[in-house]
Structure formats: C-alpha cells, structure tokens
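Enquirer:
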Amino acid sequence: MPPRHRFIRAGIGSVTAGLLVAGAMSGTAGAAPADNDSPDAPGDSSVAVGAYLHYGPPGVERMAELSRWLGGRELRVAHTYLPGDRWANIEGQVDFLRPWADWRRGAADRLFVLNVPMLERSEARLPDAAVRALLRAGAEGGFDKHFRTLAQRLVDLGATDTVIVLGWEMNGTTYTHRCAPDPEAWKEYWNRIVTAMRSVPGQEFRFDFAPNRGLDAIPWTECYPGDDVVDIIGMDSYDQPPGGTFDEQVNAPYGLRAQVEFAAAHDKAISYPEWGLFRNGDNPEYMRRMLEWIDRHQPLYQTITDYCPHGVWQCEDNPESSKVFRSKMFAKPDPAQPDPTAPDPTDLGPTAPDPIEPSPSEPAPAQPEPPAGTDPPVPPPSPLPGDVLMNDVEWCVPMNLGDWVTQWVGDQQTCVRFPWPAGLPGF
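Once you know that position 20 of the sequence shown is 232 in my numbering, the rest is easy, because the numbers rise by one and skip nothing.
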C-alpha cells in the first residue's frame, strides 16, 4: 500500500462456490485460469476506463487530454477523493462535487467514482485505542448524519449513481478508518454508513469494498461487511510487495486471484480503483500483465493512478511502461494513421497541466511524519513543467511582461507556496 498522501511529488471457470471461497481465503490458484495464457493485447471489452489525474476540477479537465493521447479512446470513469481532514469535507462540499457531477451527467454510460473516508483526521496516525473508540462510536450511529448529508448533496447534484469507494485500504495501517483495531465494529460501522446513505430518496449508489492487495495488517476477508451492503469487490494493486513478480501478485495469499474468486463466490463485480507502478520502478512487464489481467477478468471499471511514481501520462519517469500502456489502451487506429507505438517526433510527451491557484478557504495542517516501522516516504521525482512540487505545494506561473521588458529582465515567473491539504491524494 503506497503512502499516497506522503509521496505526492508524494470470466471465472465453473467451480463450486465452496472452492472459490477456499481459494480466496488461502490465496491459492484453485480452478481459476492460469495467467500465462495472456492475449497479445486487450480486445474490445465493456470495462469502463479512467484515471486518477487530480483531486479537483483539473482532474475532470485533464481527461480530455489523456483521451487524445490515447488516440481518442473514450474515458468513462472520473475518479476523485474526498478530503479526510474534517467532517465538513467528508460531507462533500458542493463546490468540490459539482464539476464531477456535471461531468457524470454528460453521458449515460459514465461512472463517477468517489473515495469516501469513514472517519475524519484520516491520516493522523491515531493509536489503535483511539481508532477502536471511533469505530465503536460509528457502529452505534454517532456519525450517520455526515453520510446522510453527503448522500443528499450527491443526489441534489444529479450524481445519484455514484460508486462509493468507502473506507478504502481498510486492511492496512495508513488510514484512521483501518479495520484491524476492531474488525467487528468496523463491519457494523460500514453497515451503518451504507444504511444512512441508502435512506436518502433518489439515490442509486453502489458501494465498493476495496482493500490493499495481499496480506497487510489484517486479512481483508475478515473485514468484509456482508453481501447486502457491498456491490463491488475492488482492490488497490500497485507494483510492490507482497509479490516481486506479477505471478506472485496474482497468487500470493489475498492477492489478485483471491479477489476474483471471492467476488465470484459472492456474485459481485470486481474493480481496480487504484493501480500502477511503484516500488519496482519503470516496469513494462507489470504494465502489460496488469492490463491483460484486467482484460481477461472484466472488472466493472479500472482507474490507473496517474502521477509519479505510479503513472504513465503525467509522469515522465516511466517511459517504457508508458509505451506499453499507450499501445494497449490506444483506440482502434484509423488505417491511415501511424502505429501508436512508433516514435513520434512531434510528440513531446504529456501536456503539462495548467497551474491552478490554491484555495485559501480550506487550509489544513501538514502531514505528520510516519512512525518507525512504516513504509518510508518515496523521494519525489522532478515535477512536470507547471505542476506541483512536494509537501509544500508551489505553482510557478510565467508572466508575460512584453518584448520590450523581457529583453532587459528575461522571462519571469511568479510562484505561490502553500501547505498541501491533509487527506488528499497527490497528482
């Protein structure tokens, strides 16, 4: 599980349900197809494709640019995260949600995927005793009102069928909404939240249970809250241990095969809300195998995390993986068009996102240092032109001073630095 908020630049075979559950619990291959019969490239499928590109409005705007880079491939999924610093943000500020809701209403087959923290101070590194008390308070209904507010705002904005990735990576240690301190309270709390949100008239939400791949602080199966309150079995799967090779990532206990088999046993769709490169660097073999796995198992949706070190479009650090991703995800080419995998002398890489001004209305404290024993922060790569730097975020905007001034003082920039909001993923 990548410490995302600290490294911001930071078709199953016919087997019995019992065998499927056993395979999911043990992480063994069972009767599922082997992963070494991969097709050369993904074919046509109904998988909704998107990417996490930025938490705010630029995340919506950059989808059109990414689509062009992929030869006009339609991106049907918009994905963002609610800030987890305080309840007022977990309730979903209307101005934050509106651009995403507007995009969702633009076509009938689009999906809006929203990660929702279960508790405020989501990355405050609270001790287990404090987390346990909060989970028990939630299980008793102490926080229901916040989730009813969020549900009502989504309905009012017309995002009635939002996919809610609730309490993601609960089997790990990063988030306050982690499961291990009290699994029974965690499951009851999940049930309370889903019941509260489903009580709002007009909603058609789907709830995505998305753990980290593999055995983390607790087996994710011990956190599963029940078939009546889960619609999708997701998994966040980055190229990192457990699993040095893709085959190991598939077959390790609680790995990718276990997820597929568990979902089949519970008659649920699967998803990949977060995936991408990480500890193993620029790894085109991982990229190829993951895309082929997705094509074979047909999740409801998949959204690659597209910023350094994970990404392939907004991150220049992974050129070989970028070629694989673009080749396999490229829209069916027009015969008159060149091969998308061939070098393009006019292609200068990803379009640098336009800078955005920080919002002064919602300051948040800087992230705390992780305690000993946790994953170390990943050193930031060089930012893309016009993009953000680490921790304290800095935007530099070129100033057009006119030719007569420039000849004396040269090109100038104005820079603004401000603390990164706690609880938001990077870009």
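We put the CB at the ideal spot given by N, CA and C, even for glycine.
On a predicted model such as this, the values are computed, not experimentally measured, just so you know.
Output needed for D494: all residues of its chain with C-beta closer than 7 Å, excluding positions within five of it in sequence on either side, in chain order.
Expert: Along the sequence shown, one-based indexing puts residue 494 at 282. Excluding sequence neighbours, D494 sits near D529, N530, P531, E532, S533.
Enquirer: Along the chain, where does the alpha helix (DSSP H) containing P395 start, and where does it finish?
Expert: Within the sequence shown, residue 395 is the residue found at index 183, counting from 1. Run containing P395: 395-410, per the alpha helix (DSSP H) assignment.
Enquirer: With the cut-off set at 8 Å, would you say I302 and E332 are in Cβ contact?
Expert: Residue mapping note: residue 302 aligns to position 90 of the sequence shown, counting from 1. Residue mapping note: residue 332 aligns to position 120 of the sequence shown, counting from 1. Result yes, Cβ atoms of I302 and E332 sit closer than 8 Å.
Enquirer: Quick one: what's got a C-beta closer than 6 Å to A371's C-beta in the same chain, skipping five residues either side?
Expert: Counting from 1 along the sequence shown, the entry for residue 371 is found at position 159. Contacts found: A313, R316, F324.
Enquirer: Excluding sequence positions up to five away, which residues of its chain have a Cβ less than 6 Å from the Cβ of A379?
Expert: Here residue 379 refers to the residue found at position 167 of the sequence shown. Just to set this straight, residue 379 is Gly in the shown sequence, not Ala. So the list reads M330, H389, once near-sequence residues are dropped.
Enquirer: Whose C-alpha, out of R310, P413, D428, M382, is nearest the C-alpha of L452?
Expert: Numbered from its first residue, the sequence shown carries residue 452 at position 240. According to the sequence provided, residue 452 is Gln. The question's Leu does not apply to it. Among R310, P413, D428, M382, the Cα nearest to that of Q452 is on D428.
Enquirer: Could you have a look at H358 and say whether DSSP puts it in helix, strand or coil?
Expert: The residue given as residue 358 occupies position 146 in the sequence shown. H358: helix per DSSP, three-state reduction.
Enquirer: Report yes if the CB atom of P311 is closer than 8 Å to the CB atom of P269, and no otherwise.
Expert: Taking the sequence shown and counting its residues from 1, one reaches residue 311 at position 99. Taking the sequence shown and counting its residues from 1, one reaches residue 269 at position 57. Their beta carbons are under 8 Å apart, which means P311 touches P269 by this criterion.
Enquirer: Output the boundary residues of the beta strand (DSSP E) element that contains V289.
Expert: Taking the first residue of the sequence shown as position 1, residue 289 is located at position 77. Element bounds for V289: 289-293.
Enquirer: Beta-carbon separation of D518 and A263 under 8 Å?
Expert: As a working mapping, residue 518 is identified with position 306 in the sequence shown. As a working mapping, residue 263 is identified with position 51 in the sequence shown. Yes, the pair counts as a contact, with Cβ atoms nearer than the cut-off.
Enquirer: Whose C-beta lies closer than 6 Å to the C-beta of F537 among residues of the same chain, with five residues either side of it excluded?
Expert: As a first step, residue 537 must be located in the sequence shown, where it is residue number 325. Here the set comprises M499, V524.
Enquirer: So is D394 in contact with chain B if we call contact Cβ pairs under 8 Å?
Expert: Protein chains in the displayed structure number just one, and chain B is not present.
Enquirer: Can you list, in chain order, the residues of its chain whose CB lies under 6 Å from that of T385, leaving out five sequence neighbours each side?
Expert: Position 173 of the sequence shown, counted from the start, is the residue given in the question as residue 385. Only A429 meet the Cβ criterion.
Enquirer: Answer with buried or exposed for K544, where buried requires no fewer than 16 other C-beta atoms within 10 angstroms of its C-beta.
Expert: Your numbering for residue 544 matches position 332 in the sequence shown. Exposed: under 16 other Cβ atoms inside 10 Å.
Enquirer: Could you pull the start and end residues of the beta strand (DSSP E) that I444 belongs to?
Expert: Along the sequence shown, read from residue 1 onward, the residue named residue 444 stands at position 232. Taken as a continuous stretch (DSSP letters only), the beta strand (DSSP E) holding I444 covers 444-446.
Enquirer: Please name the residue, chosen from T407, V367, P437, that lies closest to W398 on a Cα-to-Cα basis.
Expert: Here the question's residue 398 lines up with position 186 in the sequence shown. Among T407, V367, P437, the Cα nearest to that of W398 belongs to P437.
Enquirer: Residues in its own chain within less than 7 Å of W402 by CB, not counting five upstream and five downstream?
Expert: Within the sequence shown, the letter at position 190 stands for residue 402. Contacts found: L378, G379, P437, V441.
Enquirer: From D346 to G283, what distance separates their C-alpha atoms?
Expert: To locate residue 346, count along the sequence shown from 1; it is residue 134. To locate residue 283, count along the sequence shown from 1; it is residue 71. Reading the sequence as shown, one finds Leu at residue 346 and not Asp. Taking the straight line from one Cα to the other gives about 48 Å.
Enquirer: For M502, which of helix, strand or coil comes out of DSSP?
Expert: Residue mapping note: residue 502 aligns to position 290 of the sequence shown, counting from 1. Helix, per DSSP.
Enquirer: So, I482 versus G446, is the Cβ gap smaller than 8 Å?
Expert: Residue mapping note: residue 482 aligns to position 270 of the sequence shown, counting from 1. Residue mapping note: residue 446 aligns to position 234 of the sequence shown, counting from 1. Closer than 8 Å, so yes.
Enquirer: Out of C520, E504, L362, state which residue places its alpha-carbon closest to the alpha-carbon of L265.
Expert: Residue mapping note: residue 265 aligns to position 53 of the sequence shown, counting from 1. Nearest C-alpha to L265: C520.
Enquirer: Suppose you measure from the CA of I516 to the CA of E486; what does that come to, to the nearest Å?
Expert: Here residue 516 is taken as the residue at index 304 of the sequence shown, counted from 1. Here residue 486 is taken as the residue at index 274 of the sequence shown, counted from 1. So the alpha carbons of these two residues sit roughly 6 Å apart.
Enquirer: Do you know whose CA, among S449, W299, D321, P431, lies nearest L287's CA?
Expert: Walking along the sequence shown from the start, residue 287 turns up at place 75. Out of S449, W299, D321, P431, D321 has the C-alpha closest to the C-alpha of L287.
Enquirer: Count the other CB atoms within 10 Å of the CB of A476; is the residue buried (16 or more) or exposed (fewer)?
Expert: Sequence index remark: in the sequence shown, residue 476 carries index 264 (1-based). So A476 counts as buried.
Enquirer: May I ask you to list the residues that DSSP assigns as paired with N327?
Expert: One-based indexing of the sequence shown puts residue 327 at position 115. For N327, which the question treats as bridged, DSSP gives the partners Y293, V377.
Enquirer: CB-CB under 8 Å to R344, same chain, minus the five flanking residues each way: which ones, in chain order?
Expert: Position 132 of the sequence shown, counting from 1, holds the residue named residue 344. Result list for R344: P393, D394, A397, in chain order.
Enquirer: On a Cα-Cα basis, can you pick out the residue from V272, D439, S449, D373 that is closest to P413?
Expert: By one-based count along the sequence shown, residue 413 stands at place 201. When each option's Cα is compared against that of P413, the closest is D373.
Enquirer: What is the rounded straight-line gap between the Cα of Q364 and the Cα of A408?
Expert: Here residue 364 refers to the residue found at position 152 of the sequence shown. Here residue 408 refers to the residue found at position 196 of the sequence shown. When rounded, the distance between both Cα atoms is 10 Å.
Enquirer: What's the call for E473, buried or exposed, on a 16-neighbour Cβ count within 10 Å?
Expert: Position 261 of the sequence shown, counted from the first residue, corresponds to residue 473. E473 is buried by the Cβ-count criterion.
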